[in-house]
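Chains as they are written, first to last, in this note's numbering: chain C, 1 to 351; chain V, 1001 to 1292.
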Amino acid sequence: MTISIKNVSKKFNNFSALDKISFTIPDGELVALLGPSGSGKTTLLRIIAGLENPDEGSVHYSDLEVTTKSAKDRNVGFVFQHYALFRHMTVFDNIGFGLSVRGLPKEKIAQRVGELLHLIRLEGLENRYPSQLSGGQRQRIALARALAAQPKVLLLDEPFGALDAKVRIELREWLRRLHDEIHVTSIFVTHDQEEAFAVADKVVVMRAGKIEQIGSPTDVFENPANAFVMDFLGQVNVFEGMLVNGVPRITGFSDLKGPPQNDFCSKTIYVRPYELDIEVNLTSIEALPAKIMHINPAGPVVRVHLQDLNSIATVFVEINFSKLKELGITTGQKVYIQPKRLRIFTPDYMI
Amino acid sequence: MANQITSFAAPKKKRLEDPAWLRYLLITSALSVVTLIIGIPVFHVFYKAFEKGTGVYFDSLFNNANTLHSIFLTLSIAPRAVFLSVIFGLAAAWAIARFRFPGRAILLTLMDLPLAVSPVVAGLVFVLLFGMQGWFGPWLASHNLQILFSTPALVLATCFVTLPYVVRELLPVLEAYGEEEELAAVSLGANGWQMFWRITLPNIRLALIYGIILCNARAMGEFGAVYVVSGRISGFNDTMPLRIEKLFQEYDMTGAFALASVLTFLALITLGVKTYLEKNMENRHSDSGGTK
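And the structure:
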């Protein structure tokens, strides 16, 4: 089922949590609402679920407007950050709750709960209480409970936030596979860009109640719409520079020694750590002299910390392990940083 | 290194424990105060009641129509007052815990008024409201409705003094549980009643029972407010505490103490139920706690 949000605004006292948000989620997609805390992503999710009312705007499920419908009538599955399992009920009764309030016969409920327990691979735990389960098990029960009544939409609020790192990665891969099996339109909230990229078909990046960018993970990561998205989605190096004939140049390139001649065209330039190369000898005018401060060879990607000898700023570079061997560089050595790609955004955001 | 640790730990342990003489002094004084001002008087009530033998005891209880009536009256007023207090207490505690509205702080403060104000004053308020010189008195009289000096006034006055107990018990529990489970129930398609009966009530059940017990104890023992509104007609609207006072004033010591022993016995039953539930509550907490 397609979900459309049209011009939704929400204020808490004088704080604007959502400011004229509009977007559409196509049927069957798994979408991540990604943003720092306070960006309004949870509020948006609760408005979609009907647990919160928007001050302005409307929510549509397919062609049906549901803005004024209560959560009870929307048939959504909502997974809470802290699971919100009914602590006085067994796993069986928790999962079956949505069916039993709809007055389904006992045999039907038992059959559906059995199916779901199989789906989440927790058969045999139906008589346990939530307090007797691990965090990962509780999260899966919460998911099964939300799926029991075959909701048209599945909404998850920071679903893996309260779990430890290993379980989190296992569960998010499991969620991805589960979504491939059942294809219910799903939206999940997260502040972890890695999680969003690992699971989602589409990422909605939010900041301060507004949408900054919508796109596939690759799209958003490769072509960030602005400096905020660039910074939020991963580590980034920031250089002072300028536009020369429409081409970005970093102050410190050999053709641009000294301070910029014209302040009006001074620009901030953004480069990802993997978009920088290290050369032992100066081979191009597009290179910065730098000193190696630290080499962190943990894993196939080596992280090198350098000091830009012009601006004294720290620069992070990621290179392959084989490249490191080839270069044979050591800490303290003077090298040249050569960017493969430079990005400039209109200066609406300061890092 | 190990030596250092033990030499550190030894004096620390000693400092944590109070000296023996202080412990025994505190324990002895606490015990003697309880014995002196609670234990002996309670024992004395039963002693006095049975002083002239069980025959006289039962005779003064069951062969006195007015005394018998007072027992029935108290046992019928208390449940009604408790019922009203529970309905009101649930609604008020729910509203205060779940909603933010103008006047919330005032409601919270007013809720404690019955604990602070003297019950006699409460009784007087009802007399002023429903008496012939009061606001509603003439209207009630013209419609042939009797409130003052009859059972409705007794229930109302009892209600006034018992109102805070249920709210005070429920509020912290409602706030501690939070509303997430309730929201989860709604998102799963439960309507208001289903949410209340299947999620909220099971979570607050023990606090509610505890509130009812306190409420009931207070309702059975209420004297001041009831004294003012009852009119004190023997065999008609004397509750147990009022009857005891009357018997005492009439120098019927055996009758007064016999009835007092019944009232005390009811209080002891209440305490027993409370203790039993407290034990059960602990057990439940240990196997259902730590959900988050």
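Think of the CB as a built atom: it goes at the ideal place given N, C-alpha and C, for glycine as much as any other residue.
Problem set entry | Cα-Cα separation between Gly135(C) and Leu156(C), rounded to whole angstroms | 16 Å
Exercise. Mind listing which residues of the stretch 13-30 of chain C have their C-beta closer than 8 Å to chain B's C-betas, in chain order?
Worked result: This model lacks chain B altogether, as its protein chains are C and V.
Exercise. When the Cα atoms are used, what is the spatial distance from Val370(C) to Trp1193(V)?
Worked result: Lying before the first or after the last residue shown, residue 370(C) is absent from chain C, which here runs from 1 to 351.
For this session: Tell me whether Gln338(C) sits in a helix, a strand or coil according to DSSP, three-state version.
Result: strand
Exercise. Hey, does Ala1185(V) have any beta-carbon neighbour from chain C nearer than 8 Å?
Worked result: yes
For this session: Take every Cβ of the stretch 1141-1150 of chain V, pair it with every Cβ of the stretch 1230-1237 of chain V, and state whether three or more of those distances are shorter than 8 Å.
Result: yes
Exercise. If you count every other CB in all the chains shown that lies within 10 Å of the CB of Asn1064(V), and 16 or more means buried, which is it?
Worked result: buried
Exercise. Quick one: does Val373(C) have its CB under 8 Å from some CB of chain V?
Worked result: Not covered by the structure: residue 373(C). The range shown for chain C is 1 to 351.
For this session: Give the straight-line distance between the Cα atoms of Phe1095(V) and Ala32(C), rounded to the nearest whole angstrom.
Result: One detail in the question is off: residue 1095(V) reads as Ala in this sequence, not Phe. Spanning the two alpha carbons is a distance of roughly 35 Å.
Exercise. If you draw a straight line from the C-alpha of Pro1019(V) to the C-alpha of Leu1025(V), how long is it?
Worked result: 10 Å
Exercise. Looking at the C-beta of Asn1203(V), does it have a partner C-beta in chain C at a distance below 8 Å?
Worked result: yes
Problem set entry | Where Asp263(C) falls: helix, strand or coil (DSSP) | Only weak support exists for where Asp263(C) lies, its pLDDT of 48 falling under 50; the value from the coordinates is given anyway. Three-state DSSP puts Asp263(C) in a helix.
Exercise. In three-state terms, what does DSSP make of Thr1035(V)?
Worked result: helix
Exercise. Is any beta-carbon of chain C found at less than 8 Å from that of Leu1191(V)?
Worked result: Note on residue identity: the sequence assigns Asn, not Leu, to residue 1191(V). So yes, Asn1191(V) belongs to the interface.
Exercise. Looking only at its own chain, which residues have a Cβ that is under 7 Å from the Cβ of Thr1200(V), when we skip the five neighbours before and after it?
Worked result: Glu1182
Exercise. Can you tell me where the alpha helix (DSSP H) with Phe12(C) in it begins and where it stops?
Worked result: Per DSSP, Phe12(C) belongs to no alpha helix (DSSP H); it is in the beta strand (DSSP E), 3-12.
Exercise. Assuming Ala1081(V) and Gly1123(V) make a contact with CB atoms under 8 Å, what is their CB distance in whole Å?
Worked result: So it is not a contact: roughly 14 Å between Cβ atoms.
Exercise. Does the Cβ of Ala165(C) have 16 or more other Cβ atoms within 10 Å, making it buried, or fewer, making it exposed?
Worked result: exposed
Exercise. Between Asp19(C) and Lys202(C), which are expected to be in contact by the criterion C-beta below 8 Å, what is the C-beta distance as a whole number of angstroms?
Worked result: Between Lys202(C) and Asp19(C) the Cβ distance is about 21 Å, and since that is not below 8 Å, they are no contact.
Exercise. Taking Cβ positions only, does Glu1181(V) come closer than 8 Å to chain C?
Worked result: yes
Exercise. Are the stretch 228-241 of chain C and the stretch 307-320 of chain C touching, with three or more C-beta to C-beta distances below 8 Å?
Worked result: yes
Problem set entry | From Val79(C), Leu342(C), Ala225(C), residue whose alpha carbon lies closest to that of Phe160(C) | Val79(C)
For this session: Indicate whether at least one CB of chain C lies closer than 8 Å to the CB of Lys1292(V).
Result: In this prediction, Lys1292(V) scores a pLDDT of 35, lower than 50, which makes its location untrustworthy; the coordinate-derived value is nonetheless stated afterwards. Yes, its Cβ sits closer than 8 Å to a Cβ of chain C.
For this session: Give a yes or no on whether 8 Å exceeds the smallest Cβ distance from Ile1106(V) to chain C.
Result: no
For this session: Specify whether the stretch 82-89 of chain C and the stretch 121-141 of chain C touch according to this definition: at least 3 beta carbon pairs, one from each stretch, less than 8 Å apart.
Result: yes
Exercise. Which residues bound the beta strand (DSSP E) around Asp19(C)?
Worked result: 15-25
Exercise. Three-state secondary structure (DSSP) at Gln1194(V)?
Worked result: helix
Exercise. Within 10 angstroms of its Cβ, does His1285(V) collect 16 or more other Cβ (buried), or is it exposed?
Worked result: Any reading at His1285(V) must be qualified, since the residue scores a pLDDT of 44, below 50, and its modelled position is unreliable; no value is offered.
Exercise. According to the Cβ coordinates, are Leu163(C) and Gln139(C) closer than 8 Å?
Worked result: yes
For this session: Determine whether the Cβ of Leu1277(V) lies closer than 8 Å to any Cβ atom of chain C.
Result: no
Exercise. Run through DSSP, which three-state label would Tyr1251(V) get?
Worked result: coil
Problem set entry | Candidates Glu56(C), Ser37(C), Ile47(C), Thr331(C), of which the one nearest Ser9(C) by Cα | Glu56(C)
Problem set entry | Gly77(C), enclosing alpha helix (DSSP H) - first and last residue | Not the alpha helix (DSSP H): Gly77(C) falls in the beta strand (DSSP E), residues 76-79.
Exercise. So Ala49(C) packs on Ser1187(V), CB below 8 Å; how close in whole Å?
Worked result: 6 Å
For this session: Provide the residue span of the beta strand (DSSP E) that contains Thr190(C), from first to last.
Result: 185-190
For this session: Identify every residue that forms a DSSP beta bridge with Asn237(C).
Result: Val271(C)
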